[in-house]
Every structure is written in C-alpha cells, then in structure tokens.
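One structure is given below, encoded as structure tokens.
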Amino acid sequence: MKKFMLTSIVGLTIFVLSGCLYPAERMSQNQVPYKDQVASVQTAVDQFKQESGGLLPIKTKDMDTPIYQKYPIDFTKIVPRYMQDAPGNSYESGGIFAYVLVDAETKPTVKLLDLRMADTIQDVNVHLNIYRQNHKGYVPFKDVIAPGVFSINYKKLNMKEPPVVTSPYTGNSLSLIVNGQGDVFVDYRPDLYDAIQKHKSSYKPGEDIRKLLVENSDFVPAYSLPYTVNDKNEPIFFKK
Numbered sequence: 077m078k079k080f081m082l083t084s085i086v087g088l089t090i091f092v093l094s095g096c097l098y099p100a101e102r103m104s105q106n107q108v109p110y111k112d113q114v115a116s117v118q119t120a121v122d123q124f125k126q127e128s129g130g131l132l133p134i135k136t137k138d139m140d141t142p143i144y145q146k147y148p149i150d151f152t153k154i155v156p157r158y159m160q161d162a163p164g165n166s167y168e169s170g171g172i173f174a175y176v177l178v179d180a181e182t183k184p185t186v187k188l189l190d191l192r193m194a195d196t197i198q199d200v201n202v203h204l205n206i207y208r209q210n211h212k213g214y215v216p217f218k219d220v221i222a223p224g225v226f227s228i229n230y231k232k233l234n235m236k237e238p239p240v241v242t243s244p245y246t247g248n249s250l251s252l253i254v255n256g257q258g259d260v261f262v263d264y265r266p267d268l269y270d271a272i273q274k275h276k277s278s279y280k281p282g283e284d285i286r287k288l289l290v291e292n293s294d295f296v297p298a299y300s301l302p303y304t305v306n307d308k309n310e311p312i313f314f315k316k
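Under my numbering, the residues of the sequence shown are numbered 77 to 316, in order.
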C-alpha cells in the first residue's frame with residue numbers, strides 16, 4: 077500500500093529543495109507577486125537564451141510533468157551573470173512563488189506558480205493516502221462532477237472542513253477535486269468563468285482554455301486539469 081503514499085506526494089515535490097515546500101523564514105514582502113521582479117527574470121531568461129544558442133535556464137523534468145509545472149527556472153544558471161540575485165518572492169530566496177516558463181518552445185514567457193496551493197493539496201493527500209491504505213486502495217469519492225472528475229468526501233477523511241486554496245487570479249476560494257486515480261487538483265472553473273466574461277474569449281469546444289488565465293495574468297493554473305468550453309461558452313472539464 078505504500079505506493080499510494082508515494083504517488084501523489086511525489087508530484088508535489090517538484091520545487092522542493094530541502095524537504096519543505098518553501099523555507100519557513102518567509103517574510104511578508106516575499107509573498108507579493110511584484111511585476112518588476114517578473115520582468116527582471118524575463119530579461120535574464122531572454123539574455124541567457126540569446127547567448128547560449130537558444131538554450132533555456134530551466135531545471136530538467138520528466139516528460140509527463142504537467143505542462144504548467146514542467147519548466148521551472150534554474151536561477152543558478154542566470155545568477156549572478158544575468159541578475160544579481162533570485163527575486164525575493166521566489167522559492168530560492170525564501171518566497172512563496174516558483175518562477176516557471178510557459179510556451180517554452182515558441183516564446184518562453186516567465187510566470188509565477190503559487191506554492192501555497194501545494195501545502196493544502198499535500199495535506200489532503202496525506203489524509204487520502206491513509207484512507208486508501210485502510211480501504212483497499214479505494215478513493216472516497218463524493219459526487220460526480222464530470223466523467224472521471226469527482227468531489228471528495230472529506231468526512232471519510234476525518235477532515236472537519238473542506239479545504240480550499242486561494243485563487244491567484246481573483247483572491248477567491250477554490251475547491252479541490254480528484255480524478256479516478258485519486259490525484260488531487262484545483263478546480264479553476266470559477267476563475268475561468270470570470271475570465272471568459274471579462275475578456276470575451278473566442279475559444280471553441282475542444283480547445284484548452286487555461287491559456288486564458290495565463291495570457292491575462294502573471295500566474296499559471298498550477299495543479300489543474302485541462303478545461304474547454306461547451307456550446308454555451310461555459311468552462312467544462314476537457315476529456316481528451
């Protein structure tokens with residue numbers, strides 16, 4: 077049964093350097109997503125790419141790593157030559173954000189991943205894995221949200237309140253969901269609905285609409301499933 081303990085937790089250690097999700101000595105100013113810090117890292121990445129013949133200053137990840145967690149920036153490759161230090165709000169400097177790249181193969185663009193989400197997900201995973209060890213591997217599903225997507229029965233996990241994460245886009249609370257294998261994700265449908273209304277998107281059914289969040293903010297939708305729209309232009313889970 078130990079494999080259940082390992083499967084979900086391994087996915088959350090993408091940015092772990094010393095056994096913690098991020099250093100305990102965080103300061104309040106290291107929790108603010110300053111645009112100038114993102115811009116300075118972008119400049120450093122662009123310079124590195126130009127001078128290295130097209131290479132990117134990223135850490136190597138498995139091919140099956142989720143797309144928005146796949147290209148974390150390796151600050152050891154750009155500090156101190158291209159910037160003096162890693163940004164104060166970065167994990168490497170005691171902050172709560174991982175700096176990642178999107179569109180790495182076409183137009184490498186620096187974005188932020190809020191690591192506080194991983195804290196909440198890992199806590200759920202601990203409870204979930206204990207339950208599965210004691211119930212022959214079964215996942216405590218509650219309701220079917222979409223094919224292969226479920227809400228979680230937190231009462232069976234002995235959790236008093238359903239945990240939520242804070243949206244990096246709106247500041248609102250987002251629920252957690254689980255797939256048929258017991259992997260935990262963030263439900264970004266409320267954010268996507270707001271983004272569709274705000275930006276008057278023209279995405280079509282079958283297209284991954286998570287780009288709408290990425291293109292209009294400094295954040296990536298970490299720990300997310302793919303989403304598309306239905307014929308009413310509403311966000312739904314995208315079953316490929």
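Built from N, CA and C at the ideal position, the CB exists for glycine as well.
Computed from a predicted structure; not experimentally measured.
Taking the alpha-carbon positions, what's the residue i to residue j distance?
| i | j | result |
| --- | --- | --- |
| Lys236 | Tyr245 | 27 Å |
| Arg192 | Ile172 | 7 Å |
| Val241 | Leu288 | 20 Å |
| Phe217 | Asp263 | 15 Å |
| Gly129 | Asp259 | 38 Å |
| Lys276 | Glu283 | 15 Å |
| Leu97 | Asn165 | Interpretation of Leu97 is limited by its pLDDT of 49, a score under 50 that renders its predicted location unreliable; the figure taken from the coordinates is listed afterwards. Cα-Cα distance, rounded: 14 Å. |
| Ala115 | Val186 | 8 Å |
| Lys232 | Glu310 | 32 Å |
| Gln118 | Val155 | 13 Å |
Any idea if residue i is buried or exposed, counting beta-carbon neighbours within 10 angstroms, 16 or more meaning buried?
| i | result |
| --- | --- |
| Gly213 | exposed |
| Gln145 | buried |
| Asn205 | buried |
| Asn234 | exposed |
| Gln113 | buried |
| Glu168 | buried |
| Val220 | exposed |
Over the uninterrupted alpha helix (DSSP H) stretch that includes residue i, give me the two end residues.
| i | result |
| --- | --- |
| Tyr269 | 265-275 |
| Val121 | 111-127 |
| Tyr207 | 192-210 |
Could you please give me the residues that DSSP links to residue i through a beta bridge?
| i | result |
| --- | --- |
| Tyr187 | Here residue 187 turns out to be Lys, not Tyr, going by the sequence shown. Val176, per the DSSP bridge assignment. |
| Val241 | Leu250 |
At the 9 Å Cβ level, is residue i part of the contact set with chain D, yes or no?
| i | result |
| --- | --- |
| Leu204 | This model lacks chain D altogether; it includes just one protein chain. |
My guess is that residue i and residue j are in contact by the Cβ rule of under 8 Å, so how many angstroms apart are they, rounded?
| i | j | result |
| --- | --- | --- |
| Phe314 | Tyr303 | 5 Å |
Give the range of the beta strand (DSSP E) segment to which residue i is assigned.
| i | result |
| --- | --- |
| Lys287 | Element bounds for Lys287: not the beta strand (DSSP E) but the alpha helix (DSSP H), 287-291. |
| Asp219 | 217-222 |
| Thr304 | 303-305 |
| Ser278 | Here Ser278 belongs to no beta strand (DSSP E), and DSSP marks it neither H nor E. |
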